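The structure appears right after this line, and notes come after that.
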Amino acid sequence: MVGVDSQLCDALDNQSIFNFLISLVLAFGIVFSYIPQHLRIILRKNSRGISPWYLLLGTTSGTCSLGNVLLLSADVMGCCGVLSGGKCFAATLGVIQIALQFSMFAIILILYLVYFPREITTEHRLAVNIARMALAHFVITSFLALLVFVSGKYISLYAGFLGIQATLLAAFQYIPQLYMTYKLRHAESLSKHTLMIQAPGGFLWALSLALREGTSWSSWLPYFMSAVLQSCLLGMCIYFDYQYPLAMQEFYDPLVPEMEDEEYTISIFHEDAEHTD
Numbered sequence: 001m002v003g004v005d006s007q008l009c010d011a012l013d014n015q016s017i018f019n020f021l022i023s024l025v026l027a028f029g030i031v032f033s034y035i036p037q038h039l040r041i042i043l044r045k046n047s048r049g050i051s052p053w054y055l056l057l058g059t060t061s062g063t064c065s066l067g068n069v070l071l072l073s074a075d076v077m078g079c080c081g082v083l084s085g086g087k088c089f090a091a092t093l094g095v096i097q098i099a100l101q102f103s104m105f106a107i108i109l110i111l112y113l114v115y116f117p118r119e120i121t122t123e124h125r126l127a128v129n130i131a132r133m134a135l136a137h138f139v140i141t142s143f144l145a146l147l148v149f150v151s152g153k154y155i156s157l158y159a160g161f162l163g164i165q166a167t168l169l170a171a172f173q174y175i176p177q178l179y180m181t182y183k184l185r186h187a188e189s190l191s192k193h194t195l196m197i198q199a200p201g202g203f204l205w206a207l208s209l210a211l212r213e214g215t216s217w218s219s220w221l222p223y224f225m226s227a228v229l230q231s232c233l234l235g236m237c238i239y240f241d242y243q244y245p246l247a248m249q250e251f252y253d254p255l256v257p258e259m260e261d262e263e264y265t266i267s268i269f270h271e272d273a274e275h276t277d
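So for the sequence shown, full-length UniProt numbering puts the first residue at 1; every next one is plus one.
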């Protein structure tokens, strides 16, 4: 197991107040940024328009990021035995941020399953299988991380592997969602408010993680990649809002009847077919 690093503990005992405040604001911001997405699915009572593969890649990427930062921050958390409660909280804010992000994203996956249209049997089975794969990945990753931590061997190696895996998953995470949004020409159940908060906030979060003690490039790079791709997705959603003005009603009124929403989507497909012909 990892012992206490007295030099690291001394550094944590004299942390930057500025970095602490930024990290605290980001922790609250992470929770706040996901609320519009949760509410949009709940109020519409429909999760259509969100790619299940986007959710799978996002959940597995979050699992790897959480495992990475927990292993790399083991020394930091070990210092809590010699630090005051407040300084221990400040030292572990990076871990708390990633744990919050993982939890809030996992809630989207749960809501996706709860509100997914049951009549679409094939896609519903896919959604259930996606959830099973995400759970299996979480269990296996957690088990291996626990084994590595208890043995005290290959901690940095496994943490680096998780970081690379998280970065690759984050790099591909938004591709299925970008494709689905492009095909629909509409955000559907995807919250643009959440993207508006997270896209710029992701860059700030990556910077905050990079400046923290006990982290490496493998900790902050996945969030930098996510911020870049979120910006692309947000830009696409805004473009379609102005390209197809009728979709703006759906954006501002999440309680638009499903029949109207379906008619709009069908009309878009008809327009595409006419242009193709």
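For each residue, glycine too, the CB sits at the ideal point set by N, CA and C. Computed from a predicted model, the values in this text were never measured in an experiment.
Proximity of residue i and residue j at Cβ, strictly below 9 Å
i, j, result
"T63", "A134", "yes"
"S61", "T92", "no"
"L195", "L168", "no"
"A159", "S218", "yes"
"A210", "A227", "no"
"A145", "P222", "no"
"residue 278", "S231", "Residue 278 lies beyond the range of the chain shown here (1 to 277); nothing can be said about it."
"F32", "I155", "no"
"I175", "L229", "yes"
"A90", "Q15", "yes"
"residue 279", "L26", "In the structure displayed, the chain extends from 1 to 277; residue 279 sits before or after that span and is not available."
"G94", "S23", "yes"
Buried versus exposed, by CB contacts within 10 Å (16 or more), residue i
i, result
"L12", "buried"
"T121", "exposed"
"F138", "buried"
"F102", "buried"
"G85", "exposed"
"D10", "exposed"
For residue i, the first and last residue of its enclosing alpha helix (DSSP H)
i, result
"D10", "6-12"
"N46", "N46 -> no alpha helix (DSSP H), and no H or E assigned at all."
"L72", "52-72"
"K87", "85-91"
Residue i in three-state terms, based on DSSP
i, result
"Y182", "helix"
"Y138", "The displayed chain sequence assigns Phe, not Tyr, to residue 138. Reduced to three states, the DSSP call for F138 is helix."
"D187", "Before going on, a small fix: residue 187 reads as Ala here, not Asp. Of the three classes helix, strand and coil, the one that applies to A187 here is coil, per DSSP."
"L207", "helix"
"F116", "coil"
"S216", "coil"
"G78", "helix"
"L234", "helix"
"Q198", "helix"
"Y242", "helix"
"Q173", "helix"
"G163", "helix"
"D34", "Here residue 34 is Tyr; the residue named in the question, Asp, does not match the sequence. Helix at Y34."
Proximal residues to residue i (C-beta, below 6 Å), its chain only, five neighbours per side dropped
i, result
"Y115", "I41, K45, N46, S47"
"E188", "R48, G49"
"M180", "S51"
"F105", "G58, G62"
"F20", "A90"
Contact test: residue i Cβ vs the ligand FMN heavy atom, cutoff 8 Å
i, result
"G49", "You won't find the ligand FMN in this model; it holds no ligand whatsoever."
Sequence-distant residues of its chain with Cβ nearer than 8 Å to residue i (five each side left out)
i, result
"Y112", "I41, S47, I50, P52, L55, A127"
"I17", "none"
"I238", "K192"
Beta-carbon contacts of residue i that lie in its chain and below 7 Å, excluding the five residues immediately before and after
i, result
"A171", "M225"
"I164", "S218"
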